[in-house]
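Structure first, then comments.
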Amino acid sequence: MASLSQPISKILREGTADAHRAIEDTQGAAWLIRGELDRSEYLRFLMMLWHVYDALERALEKHAEHPLLKPTYDPGLLARAPSIAEDIAFFLGCPVSTWQSNPAHTTLLLSHLQPLEAYQMRIRTLSDSNDPSLLLAHAYVRYLGDLSGGQIIQRRIAKAYDLDTAEGNGCQFYHFETDNTKQVKEWYRTGMNTAVGGDEKLKAALLAEANHVFELNMNLYSLLKAPSSPRPNARPALSILGDVSPTQSQFDDMSPVRSGVDEGETREIPVEIIQNNSQPESLVSLGSVLSVVVAVCLAHFLLVTSGLTGSAWIEKLESIGWVVPPSR
């Protein structure tokens with residue numbers, strides 16, 4: 006684990022490594038990530054997840070001006086509850102405004118699922134406390150996971166449930182209104198590091214809470230029911246929580262993520278992202294291109310002025326061994 010003298014983003018990344026591995030070994034998470042859950046069970050999971058995000062995002066809104074939470078607070082960019090609600094409504098075939106009264110949802114609420122209620126209660130307890138600082142750990146685990154591993158599984162989910170990623174139907178949860186999630190993650194890490202600073206006691210508390218968030222999510226995955234048609238020899242799972250580094254094979258399985266911005270429309274993102282938006286270096290320099298153009302023009306001039314064009318030029322090249330004549 007990183008020393009507490011390190012930035013909080015590094016401490017959380019390294020300090021939750023064991024929790025990442027534990028999530029990868031969780032059967033429920035594996036079914037979810039590989040797109041093996043039955044359609045009805047995936048819908049049930051989305052409903053549970055909506056309640057988690059609804060509690061979290063209400064808490065973050067309540068404390069939007071808190072000095073520790075403000076630097077990473079951007080609901081227009083990060084909020085997931087509205088997107089999950091759209092997905093739920095799509096699967097139910099009802100308006101977004103009515104899905105909560107659907108029998109599938111009321112049945113879920115009547116089940117009083119202890120892991121879900123415990124997760125919500127922890128968030129509300131922090132929100133109602135005198136110091137809501139530890140909400141940062143909850144936001145970190147969920148949002149950084151959505152921006153990392155969550156993006157990778159979009160293709161698998163879309164394929165499993167026959168979703169149209171171009172339209173976004175049923176997979177809005179994985180869609181962010183930016184085409185550069187890497188920069189969003191950098192902005193988020195920078196915001197955390199700046200807000201937490203060198204407070205080592207706070208860093209230790211945030212790390213402990215982040216690992217607790219992983220545990221809460223593992224308990225949530227334990228509620229998932231086994232698929233009716235599990236896939237043999239399925240690929241390993243990956244973590245979709247926290248700040249993860251996908252492997253190359255996982256990147257190869259990624260589908261393009263829609264920017265979500267129509268042509269001619271602009272989308273405000275945090276100023277830190279704009280400032281860090283350096284353009285990629287050109288693969289071919291202008292000087293190299295000009296050199297090639299000049300060389301070609303010079304060669305053409307010499308050919309024309311020397312009269313060596315067409316077959317005469319080919320014969321000249323054959324005579325000096327630069328071109329091998331075809332066998333006859």
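Going left to right, the sequence shown walks through residues 6 to 333 as my numbering numbers them.
Note that CB positions come from ideal geometry on N, CA and C, so glycine has one too.
Applying the criterion that 16 or more other CB atoms from any shown protein chain within 10 Å of the CB defines a buried residue, is residue i buried or exposed?
{"i": "I13", "result": "buried"}
{"i": "Q177", "result": "buried"}
{"i": "M126", "result": "exposed"}
{"i": "E270", "result": "For E270, the predicted model reports a pLDDT of 37, less than 50, meaning its position is unreliable and no value from the coordinates is stated."}
{"i": "K187", "result": "exposed"}
{"i": "L114", "result": "exposed"}
{"i": "P76", "result": "buried"}
{"i": "R147", "result": "buried"}
{"i": "G155", "result": "buried"}
{"i": "E172", "result": "exposed"}
Helix, strand or coil for residue i per DSSP?
{"i": "E268", "result": "Here E268 scores only 34 on pLDDT, less than 50, and its place in the model is too uncertain to base an answer on."}
{"i": "F219", "result": "helix"}
{"i": "K230", "result": "coil"}
{"i": "M259", "result": "Summary for M259: the model assigns pLDDT 39, below 50, so the residue's position carries little reliability; its value from the coordinates is reported in the next sentence. Looking at M259 - three-state DSSP - the assignment turns out to be coil, as it is neither helix nor strand."}
{"i": "A142", "result": "helix"}
{"i": "E122", "result": "helix"}
{"i": "T21", "result": "coil"}
{"i": "I28", "result": "helix"}
{"i": "T111", "result": "helix"}
{"i": "R160", "result": "helix"}
{"i": "I89", "result": "helix"}
{"i": "H68", "result": "coil"}
{"i": "K15", "result": "helix"}
{"i": "S116", "result": "helix"}
{"i": "D235", "result": "Per the sequence shown, the amino acid found at residue 235 is Pro instead of Asp. Coil, per DSSP."}
{"i": "D133", "result": "helix"}
{"i": "E46", "result": "helix"}
{"i": "Y78", "result": "coil"}
Between the options, which lies nearest to residue i when the distance is taken from Cα to Cα?
{"i": "P232", "options": "K208, L74 and G33", "result": "G33"}
{"i": "L118", "options": "P235, S227, I245 and A215", "result": "S227"}
{"i": "L225", "options": "A7, R49, K15 and H180", "result": "R49"}
{"i": "W55", "options": "P120, I89, D184 and S153", "result": "I89"}
{"i": "A84", "options": "A144, I16 and N135", "result": "A144"}
{"i": "E29", "options": "R236, N222, S234 and P235", "result": "N222"}
{"i": "R236", "options": "G40, N185 and Q11", "result": "G40"}
{"i": "G81", "options": "F95, E70 and E66", "result": "E66"}
{"i": "A27", "options": "E220, S234 and F181", "result": "E220"}
{"i": "R129", "options": "A109, E62, T111 and N107", "result": "E62"}
{"i": "H71", "options": "G196, A209, L246 and P100", "result": "G196"}
{"i": "I245", "options": "N216, I158 and W192", "result": "I158"}
Would you please state the rounded distance, in angstroms, between the beta carbons of residue i and residue j? I believe it to be under 8 Å.
{"i": "K230", "j": "E46", "result": "5 Å"}
{"i": "S153", "j": "L140", "result": "S153 to L140, Cβ: 20 Å. No contact."}
{"i": "A64", "j": "P137", "result": "7 Å"}
{"i": "L17", "j": "L212", "result": "6 Å"}
{"i": "A35", "j": "E19", "result": "With 8 Å as the limit, A35 and E19 do not qualify as a contact, their Cβ atoms being about 24 Å apart."}
State yes or no: is the C-beta of residue i nearer than 7 Å to some heavy atom of the ligand HEM?
{"i": "S138", "result": "The model depicted lacks the ligand HEM and carries no ligand whatsoever."}
Taking Cβ positions only, does residue i come closer than 8 Å to chain B?
{"i": "M126", "result": "Included in the structure is just one protein chain, with no chain B present."}
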